[in-house]
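> Mind having a look at this structure? Questions to follow.
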C-alpha cells in the first residue's frame, strides 16, 4: 500500500522539527503548516529531476517565505537531490552546512533563489516567469514550457514590493506563475488582525489575478486548486488555509512556533500526534521510497526534452544562450566610431549608443525602465515591448516600480538565458536597494542603469540628487559600481559589465560631457578601475582623482595647476572596486605610496566625501558635497557647491600652502 | 459677480504654465489637470489660515505627486500665504527661491512634507492622520480635530510603499485621511496601459477604504465627492478623472505635458483656450480677491480654536507637547541603576530598559515595530496598542511594512506633538532607506531602532546580517547613527537622540554585552561621538577604535597587547558623526595626528571596512568584514571572520612588525 500524502507530509514536519531542535534556532512553524501543500506540489505537479537540478525546462520553485527553509531542504532531500544529505540537515544553520538559516541559491542546487528578505522571492519569481515566456516565444514549447511556483507568507504579501510584483504579473498576464499563500493568520507579533484588515484575495483579483481557495492541510484539495490555477490563463493566487506549526499539539496556531525551536517536550508530543517514529532525523523506508518515486517522476520528461533538444535546429543557439557568454565584438568598432567623431554627449546617451550596438550583438539582453525610458535612455530603436501580446519583445515597461523591476531582473538572471538591464534615477537606487543587495549576494548578472547621478540633474532638487548613493553602493560587497567619464569609458564599462557574471551598476549623467579619451587604447582601461588619463607635465606634486562628470573638471584644474608650475596627474577612476582588485604594481603606479606632503592626492566627485580617504589618505584633499543638494540650474549648482575648476584649484593651492608644499 | 470656480482654477493653470516656462524646467501637466480639484479643496473644504501656517489644528495637505509642485506654490500664493511671493514663483527652480523643483517643507510654511520620491507623501500623510487621532484621543475635539488630504498620482499608487500605507490606514480606520487620486491615465512612459491593468478602486476597497469617483475637472463634483469622503468613517480614495495638462489644447492628455515646459506657442494657445490674460505671472484682481477671500475662511475657525485653547486646562501641557522638548530627568537615575548592578545585556534589551524610563518621562513617544516587537524590544510594559479601538495607545503594530512604518513616522514627526520611534532588523534599514533619507532631508525627529546589527545575529545568515549598512547610513547627510557598546552607552545614545531635532538611528545587538562603563561620567560621553574608554598603561603605540559589540573585543585585545608591553588606548566610537562635529582639541586628543608608524590606529567593527580610513589613515589597520556573512552560531562566525581577541591581536602585532614598529 502506498503511504498516504499526509504521511509523506509528516516526513517534512519531522525533519523540520528535528533540524530546528538540533540547531536550537530556526522556524518550524511554516514548514509544518505548509507540509501538505508542498507535498501536493512536489509529488504531483512540479516538473523537476533531482538528477539534473539545472535542467533548463524544469519548473521553478521559490520559497518566498524563506525563513521556512527547512521546507525546501526537506523536499530536496526527500525527493532525492544529491544535497542536502541527512548530515547536511543535521547541521542545519551550522558553519559549512549548505542548509543555511535561509535558503541560498549558491549553496544548494534546487534552491532557485536566495530568500528571506520578505516579498522578494515572489518578485523574483515574476522575473523567472517573464524569462520563461520570453524564451518560449523564441524557442517554442518544445524547448521552453515550464511554470513558476511560489510559497509566500503573510509577510511577503504585506511588504510593499509584493504590490509591485503582483501588479507587474497581472499586467503581463503571467499565467504560468502560481503563488501558494500560506494563510495561517499568524505573524511574529501575533494574529494578523494586529496589523491587517485586507481582503488579500480581492486585492489580487483587482490586479488581474485568478484566485482560488483551499484547505492547505489537505493535499488533495491543494492539488485540485493547483489544477485550477494551471488551467487559468491569469497568474494565480492559491489561498491555502493552514495552521502554523501544524502537528505540535500545544503550540500550533500560535506565533510561538514561528521562529524558535519547539522544545523537547513539544517535539515528543508532536511525534505522537503525527504518528512519527521516535528517533530524530529518521524517516521510515516506505516513506523515503514513496518520496523518491515522486522525485523520479521528472526523469521521463527530462529524457523526452533532451531528445527534442538533440533534434532541434536551435540547439546550439539555445545552449550558448544559457551558457551566458556575451559577444564583445561590438566594442572596438563602437569605440573607433566615437573617437572618430568626438562630441559632447551625456553618459546616459552614450549608454544608449553603446546599447544600440550591444542589443544587436547580444540577443540575450532584455532592457527596461521604471517609467523613465526617455530619461534613462534604456530603449534602443529595434526593441519592441515585452508584453502579453508579444513576450518575444525585449523591452519591459516596468511602471513606477523600481524595487519590483530590480527583483524581477534578479529572477530573470536566475532563470538564465537572458541578461536583464534596467534603469531609474540614481537617487531611486534607494528604492530598489534591497534587491540590489540580493543581486550581489546571489552573484547574478544584472545591470543597473542609474542616470541623473549627481546634482548635475539640476532643477529637480535635493529629493532627486544623489549625494551618498555612490559611496553607499560601493560599500556593498559583490556589486561593481561604474561611473564613466565620457562615451569611451561608458562603452568600456558596459563591456566590463557584460563580461562579468556579477551585478554591475552604471552611474550616468544627465548633462553632456566632452570626449576625454580621444585615442584608442590597447585594453579596457575602465576595467582597470582607475588609470592615468593625463600625466603631469611639470614635476608631479598633485594627483587629481576624479570620476564621471568630474573628470572633465579635473582636467581643467590640472591645466590651471600646470599653469602655476604645479605638475598634476589626472586619474580617472570609473570603478573603485575594479581598482582595488588590481595588482600592487598597477595601484602603486597610479597612486604612489608617498606622503601627501610630497604629492598631494585630491579626490573630486559630486557626492559625499565619506570614504574617499581610502584614496586620498588623511592629509589629502577631498572635494565633494557633504550635505543635501538644492534646486537650481546645473551651472549654478556646481558653482554653489564649489565644484568649478577655479574654486577647486584655489582649494588645492591653499591646501598646499597650508601644508608648506609651495 | 463672483468668479466661477473654473476661473479660479485657471489661475493655478496660468501660474503653473508660466513658472515652468520661465524655468524651462518642471511639470505643468499635473497642476493643470488637478487645478479644479485643488480649487474645490482649498476654497471649500480645507481648514487653514495663511496668517498662521503652523496653527496646530489646521488640516494637513500633502502633495504626494510632488513633481506637480507648482500646484501647491500657486495655492499658497493665491490664498494669501506670506510666501511664496510672485517673485518667488518667477524664480521657480532657481537657486535661492523657496519654490524648489519639488516641494520642501523646510523652504515654505504650508508645505507640510517634502515630496517627490513617489508614494512617500501618501505614506507620510498616514502618519499625520495617526498623530491627529492620537492627540485627539488625549486632547479631545476642542483642541485636535482636523483632516489630512493628499493628492496622489499614478506613480504614488504604483510604488510598493502605497500598498503598505493603504494597508496601514485601512487597518487603523483612519477616516480623516482623504486621498484625491489624479487619474489621468498618463505616466512618463505614456499610457498607464503600458504597465498597469489594475482596478485601483477595487484594490483600495479590498483594503478597507471608502471609494468614490468623480469628474476631476468639475470642482463642484469634486466637492460632492469630498463631502462623501468626510461623511464616511473609513479612509477615502477619491478617483478624480482628469486630463493631464488640461487647457493646453494641443498637448493635453499626453505625456508631453508631464515633465517639460509647454513652449511659447502652446502656452499662448492655452491662454486663449482658458480665457487667460496675456501677460505671464499676472492674475486679474477679481480672481486674486476671490482666492484671498477663500483663504480667509479659516481665520474665524482659528480664532475660535485659540479661544478654546486659552480656556483649556490642558493648554500648558498641549503647548509644551507641541514645542517638542523631551524631559531628560530619567537619564541619571537610570545610569546609576545600571552601574550599581553591572551585568551582561544585549543593547536591544538595554534599549528596552531605557525606554521603560523614557516612556514615563516623555509622554510624546509613540513606539512600534515592523512585526518584530519581541526582537526589537521596542514595547514597554505600560504601552497599549494604538489601534482603531484606542487611538490613545502608544504602540503601533506596523505589520511587515518597514518602509510604510518609516514614512508614517516621518509624517507623525512632521505633524508634531509626538516623537515616533520604531524598530526592525538593521539589515532591513534597506527596505526603509528612502524614508530614512526623507527623515534626514526634512530634519525631523524620528528615532530608528535597528537591532541585530551585525553577524552577531548568528544563524539567520547573510540575508539578515548587515555588512555595509552602518557605513552606508553614516554616509547619509543629516542622519546620526549611534552604535552603543553597552547599557550605559545605549542610554546615553537614547538621551542624545531625544535631545536632537534630527533623525537618529540606533544600531543594537542581539547578543549580550558586558557593562564597560562602570563609573559615572560627568557628561554624556556617547554624545561626544568617541572617547577614550581606557588609556594605555604602557607607552602608547596603538589606538584601538571600536564600536558597539566590538568594544568588548577591543578591550581584550588591549589586554593582550599590554601583556606584550605594547601600550594600547581603547576608543569607543558610538557615533562617527558626533565625533566629526567635536572641537579640534577633542578630536586631536582622542586621535592624535601622528604617523601610523608612531602610533598605529586600528578600527574594529563587524561590518565593512569601507570608509574607516577616515579614522585609521591609509597605513592604519582596519578589522572588519568585506564580504557577505554566513549562517552559523555567533561564536563560530566571530571566529570565522577573524574577530576574536587572539586573531586581532595577532594581526595588530604582525602589522606593527611589517611596519618596523616593534
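Residue numbers (the numbering used here), protein chains in the order written: chain Y, 39 to 700; chain G, 39 to 700.
Note that CB positions come from ideal geometry on N, CA and C, so glycine has one too.
In the DSSP assignment, what are the bridge partners of residue 274 of chain Y?
As a working note, residue 274 of chain Y is residue 236 in the first chain. Y:216 and Y:248.
> Closer than 7 Å, Cβ to Cβ, to anything on chain G: give me those residues from the stretch 413-439 of chain Y, in chain order.
Listed by position, the residues of the stretch 413-439 of chain Y near chain G (Cβ gap below 7 Å) are 435, 436, 437, 438 and 439.
> Beta-carbon of residue 593 of chain Y versus every beta-carbon of chain G: anything under 8 Å?
Reading the first chain from its first residue, position 555 is the one you call residue 593 of chain Y. Judged by the 8 Å Cβ criterion, residue 593 of chain Y is not in contact with chain G.
> What residue from G:674, G:339 and G:679 has the CA that sits closest to residue 183 of chain G's CA?
Counting from one through the second chain, the residue named residue 183 of chain G turns up at place 145. Nearest option by C-alpha distance: G:339.
> Compare the C-beta of residue 571 of chain Y with all C-beta atoms of chain G and state if any pair is closer than 8 Å.
In the first chain, residue 571 of chain Y corresponds to position 533, counting from 1. Cβ-Cβ to chain G under 8 Å: no for residue 571 of chain Y.
> Identify the contact partners of residue 669 of chain G in chain Y, using a Cβ-Cβ distance below 7 Å as the criterion.
As a first step, residue 669 of chain G must be located in the second chain, where it is residue number 631. Under the 7 Å cutoff, chain Y gives 131, 138 and 139.
> Beta carbon of residue 380 of chain G, beta carbon of residue 556 of chain G: below 8 Å?
To locate residue 380 of chain G, count along the second chain from 1; it is residue 342. To locate residue 556 of chain G, count along the second chain from 1; it is residue 518. For residue 380 of chain G and residue 556 of chain G, yes; Cβs fall inside 8 Å.
> Sort out for me which residues DSSP pairs residue 642 of chain Y with in a bridge.
Against the first chain, residue 642 of chain Y aligns to sequence position 604. Per DSSP, Y:584 and Y:661.
> Helix, strand or coil: how does DSSP classify residue 189 of chain Y here?
Here residue 189 of chain Y refers to the residue found at position 151 when the first chain is read from its first residue. Correct three-state label for residue 189 of chain Y: strand.
> For the beta strand (DSSP E) containing residue 99 of chain G, name the first residue and the last one.
Numbered from 1 along the second chain, position 61 holds the residue referred to as residue 99 of chain G. Per DSSP, residue 99 of chain G belongs to the beta strand (DSSP E) from 98-101.
> State yes or no: is the beta carbon of residue 469 of chain Y nearer than 8 Å to at least one beta carbon in chain G?
Translated into the one-based positions of the first chain, residue 469 of chain Y becomes position 431. Cβ-Cβ to chain G under 8 Å: yes for residue 469 of chain Y.
> Determine the chain G residues that contact residue 209 of chain Y at a beta-carbon separation under 7 Å, and present them in chain order.
The count along the first chain starts at 1 and reaches residue 209 of chain Y at position 171. Within 7 Å Cβ-Cβ: 233, 234 and 235.
> Could you please give me the residues that DSSP links to residue 461 of chain Y through a beta bridge?
Counting from 1 along the first chain, the entry for residue 461 of chain Y is found at position 423. Its beta-bridge partners are Y:407 and Y:487.
> Closest to residue 275 of chain G by C-alpha separation, out of G:514, G:218, G:169 and G:203, would be which residue?
One-based indexing of the second chain puts residue 275 of chain G at position 237. With distances taken between Cα atoms, residue 275 of chain G lies closest to G:218.
> Any chance the stretch 523-533 of chain Y sits against the stretch 352-359 of chain Y, with 3 or more Cβ pairs inside 8 Å?
No: the two stretches stay apart, fewer than three of their Cβ pairs being nearer than 8 Å.
> Could you tell me whether any Cβ in chain Y is nearer than 8 Å to the Cβ of residue 409 of chain G?
On the second chain, position 371 is the one that residue 409 of chain G refers to. Yes, because at least one Cβ of chain Y sits closer than 8 Å to the Cβ of residue 409 of chain G.
> Relative to chain G, which residues along the stretch 237-271 of chain Y have a C-beta separation below 9 Å, given in chain order?
The residues in question are 237, 238, 239, 240, 241, 242, 243, 244, 245 and 246.
> Which residues in chain G sit within 9 Å of residue 61 of chain Y, going by Cβ to Cβ distance?
In the first chain, counting from the first residue as 1, residue 61 of chain Y sits at position 23. Ordered by position in chain G, the residues that pass the 9 Å Cβ test against residue 61 of chain Y are 497 and 671.
> Please identify the residue among G:532, G:558 and G:649 whose C-alpha is closest to the C-alpha of residue 365 of chain G.
The sequence position of residue 365 of chain G within the second chain is 327, counting from 1. Nearest of G:532, G:558 and G:649 to residue 365 of chain G, Cα basis: G:532.
> For residue 668 of chain G, which residues from the same chain have a beta carbon less than 7 Å from its beta carbon, with the 5 sequence-adjacent residues on both sides left out?
On the second chain, position 630 is the one that residue 668 of chain G refers to. So the qualifying residues of the chain are 499, 500, 675 and 678.
> For residue 544 of chain Y, list the residues DSSP reports as bridge partners.
Within the first chain, numbered from 1, the residue matching residue 544 of chain Y stands at position 506. Its beta-bridge partners are Y:487 and Y:520.
> Quick one: does residue 676 of chain G have its CB under 8 Å from some CB of chain Y?
Taking the first residue of the second chain as 1, we reach residue 676 of chain G at position 638. Chain Y contact via Cβ: absent.
> Who are residue 279 of chain G's beta bridge partners in DSSP?
Locating residue 279 of chain G in the second chain gives position 241, where the first residue counts as 1. Bridge partners of residue 279 of chain G: G:221 and G:253.
> Apply the 10 Å Cβ neighbour rule to residue 198 of chain Y and answer buried if 16 or more other Cβ atoms are within range, or exposed otherwise.
Position 160 of the first chain holds residue 198 of chain Y. So residue 198 of chain Y counts as buried.
> From this set, Y:436, Y:405, Y:412 and Y:345, which residue's C-alpha is nearest residue 710 of chain Y's C-alpha?
Residue 710 of chain Y is absent from the model: chain Y starts at 39 and stops at 700.
> Could you check if residue 665 of chain Y is buried or exposed, using at least 16 other CB atoms within 10 Å of its CB as the buried criterion?
Numbered from its first residue, the first chain carries residue 665 of chain Y at position 627. The residue in question, residue 665 of chain Y, is exposed, as its Cβ has fewer than 16 Cβ neighbours within 10 Å.
> So that I know if they touch, is there some Cβ in chain G lying closer than 8 Å to that of residue 510 of chain Y?
The sequence position of residue 510 of chain Y within the first chain is 472, counting from 1. For residue 510 of chain Y, the answer is yes, since a Cβ of chain G falls inside 8 Å of its Cβ.
> Please check if any C-beta of chain Y sits within less than 8 Å of the C-beta of residue 179 of chain G.
What you label residue 179 of chain G is simply residue 141 of the second chain in a count that begins at 1. Taking Cβ atoms only, chain Y never reaches closer than 8 Å to residue 179 of chain G, which makes this a no.
> Can you pull the chain Y residues whose beta carbon is under 8 Å from the beta carbon of residue 331 of chain G, in chain order?
Position 293 of the second chain holds residue 331 of chain G. In chain order: nothing, as chain Y lies at least about 32 Å away.
> For chain G, find out if any of its Cβ atoms is closer than 8 Å to the Cβ of residue 154 of chain Y; answer yes or no.
Within the first chain, numbered from 1, the residue matching residue 154 of chain Y stands at position 116. Taking Cβ atoms only, chain G reaches closer than 8 Å to residue 154 of chain Y, which makes this a yes.
> What's the gap between the Cα of residue 493 of chain G and the Cα of residue 690 of chain G?
The sequence position of residue 493 of chain G within the second chain is 455, counting from 1. The sequence position of residue 690 of chain G within the second chain is 652, counting from 1. When rounded, the distance between both Cα atoms is 22 Å.
> Just the chain G side, please: which residues come within less than 7 Å of residue 441 of chain Y by C-beta, in chain order?
In the first chain, residue 441 of chain Y corresponds to position 403, counting from 1. Within chain G, the residues near residue 441 of chain Y are 198.
> For residue 305 of chain G, which three-state DSSP category applies?
Residue mapping note: residue 305 of chain G aligns to position 267 of the second chain, counting from 1. Here residue 305 of chain G sits in helix by DSSP.
> Below 6 Å CB to CB, which residues in the same chain sit around residue 577 of chain G once its five sequence neighbours on both sides are set aside?
By one-based count along the second chain, residue 577 of chain G stands at place 539. Only 605 meet the Cβ criterion.
> Taking the alpha helix (DSSP H) that residue 477 of chain G falls in, what are its first and last residues?
Locating residue 477 of chain G in the second chain gives position 439, where the first residue counts as 1. Per DSSP, residue 477 of chain G belongs to the alpha helix (DSSP H) from 471-480.
> Quick check on DSSP: helix, strand or coil for residue 622 of chain Y?
Within the first chain, numbered from 1, the residue matching residue 622 of chain Y stands at position 584. Of the three classes helix, strand and coil, the one that applies to residue 622 of chain Y here is helix, per DSSP.
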